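Undergrad: Residues -26 to -1, 1 to 281 in mature numbering (1 follows the signal peptide of the UniProt record, and there is no 0) are what the sequence shown lists, from first letter to last. Before I ask anything, here is the structure I am working with.
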Amino acid sequence: MRRIFARALAVAVLAGLAACSAGKNADQAPPLHVLLIPADGGTESGTLADYKPVFQAVGQTAGIDFDLKVAQSYGAVVEALCNGTADVAFVGPVTYLQARERGCAELLAVAVENGKSEYYAGIFARKDGPVHAISDLRSRSLALGDVNSTSSFVIPVAMLVEAKLDPVTELGALRLTGSHANSLAALLEKRVDAAALSFDSFEKAVREGVPGVENVQVVARSEPIPYPPLVMNNKLPGALKTKLRQAFADVAKAPSIRPEMIRGYGGKQVDGYDAAFPAERFDDAARKMALVSDELKGEILKKSAER
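So, in structure tokens, the structure goes:
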């Protein structure tokens, strides 16, 4: 009898512990899935490392867990937002506009640096090479990034169109490298005469002392572009959206957060995040991007496949 009672007591205790554990896990919200465009090639030491600090800071101040991953392509981020596997994403303006048009994303926050939320695309060349002005690109080879990248493809191609240079018929070989870092590497290794990438990516290479980058010059600089934003899935609960916006708006002011944790594109330290950035600011950029039609993109893709 005593043995039966002891066994029953042990079962009851274990059941109680299991119930407590289940209750604790039920109270703990699952992490939000964050997907980042592969702005620096999708490596652990690139984009993922750039954005971990600020998400850790927001998690620390707002009690939100995040699971960060880098996508294989810009288009994959749009699909993840639309199929619900991404809750939050770091994207370029083009990627944001694509997801917004499909009703999959809305703005979360945009980084602020020196009071502004803007960045620049550029075309770069070696100082000892044949390209010193955008007009010199005629019959010369050019590296471009991902076809959906704002600053390594769409805006640089728009700059060529505005300069009355047809990238398909008047330039030499076109190389689609998939990322800013890959395009810069192609330039440094003399596989192309010029490369298109963002100034943030170029400045990161300068900060990190990439060999040969000191021999690179700016050929052309774009007009200001709205800063690559953080967006969130539009199907998230309203209360969670509000909490996320407030968390990013407040994180730079939290006394427990070190300033170097507040980072933006390219891992650069920024002043903070604007969670009230007007979405219509991206509409101005969209009009510029309209210079690069789907037909032109297709022709560039076809030409880049030629060897």
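Backbone N, C-alpha and C fix where the C-beta goes; we use that ideal spot for every residue, glycine too. Remember, it's a predicted structure, so these values are computed and weren't measured experimentally.
For Q191, which residues does DSSP report across the bridge?
TA: On the sequence shown, position 217 is the one that residue 191 refers to. According to DSSP, which records beta bridges pairwise, Q191 is partnered with A99.
Undergrad: Check each candidate in G241, S175, T216 and name the one with the smallest Cα separation from I38.
TA: Locating residue 38 in the sequence shown gives position 64, where the first residue counts as 1. Ranking G241, S175, T216 by Cα distance to I38 puts T216 first.
Undergrad: On the three-state DSSP scale, how would you describe E144?
TA: Within the sequence shown, numbered from 1, the residue matching residue 144 stands at position 170. Of the three classes helix, strand and coil, the one that applies to E144 here is coil, per DSSP.
Undergrad: Looking only at DSSP bridge pairs, what is R112 linked to?
TA: The sequence position of residue 112 within the sequence shown is 138, counting from 1. In the DSSP output, where bridge partners are listed per residue, R112 has L145.
Undergrad: Residues bridged to L139 by DSSP?
TA: On the sequence shown, position 165 is the one that residue 139 refers to. As computed with DSSP, L139 is found in no beta bridge at all.
Undergrad: Quickly, what does DSSP pair L81 with across the bridge? List them, please.
TA: Sequence index remark: in the sequence shown, residue 81 carries index 107 (1-based). DSSP lists V205 as the bridge partner or partners of L81.
Undergrad: Candidates Q30, G20, D61, Q34: which alpha carbon is nearest Q46's?
TA: Here residue 46 refers to the residue found at position 72 of the sequence shown. Taking Q46 as reference, the option from Q30, G20, D61, Q34 with the minimal CA-CA separation is G20.
Undergrad: If we ignore side chains and look at the alpha-carbon of each, how far apart do R181 and V244 end up?
TA: Mapped onto the sequence shown, residue 181 falls at position 207. Mapped onto the sequence shown, residue 244 falls at position 270. Between R181 and V244, the C-alpha separation is close to 15 Å.
Undergrad: With a threshold of 16 other CB atoms inside 10 Å of the CB of R100, please say whether the residue is buried or exposed.
TA: If you number the sequence shown from 1, residue 100 lands on position 126. Looking at its Cβ environment, which holds 16 or more other Cβ atoms inside 10 Å, R100 is buried.
Undergrad: Applying the 10 Å Cβ sphere with the 16-neighbour rule, what's the burial state of L145?
TA: In the sequence shown, counting from the first residue as 1, residue 145 sits at position 171. Buried, since its Cβ has 16 or more Cβ neighbours within 10 Å.
Undergrad: Could you check what DSSP says for Q220 in three-state terms: helix, strand or coil?
TA: Residue 220 sits at position 246 when you count from the first residue of the sequence shown. Of the three classes helix, strand and coil, the one that applies to Q220 here is helix, per DSSP.
Undergrad: If you compare alpha carbons, which of A117, Y239, D102, V128 is closest to Q191?
TA: Start at 1 with the first residue of the sequence shown, and residue 191 comes out as number 217. Of the listed residues, the one whose Cα sits closest to Q191 is D102.
Undergrad: Under 8 Å, do A83 and D248 count as touching if we go by C-beta distance?
TA: One-based indexing of the sequence shown puts residue 83 at position 109. One-based indexing of the sequence shown puts residue 248 at position 274. Yes, the Cβ-Cβ distance between A83 and D248 is below 8 Å.
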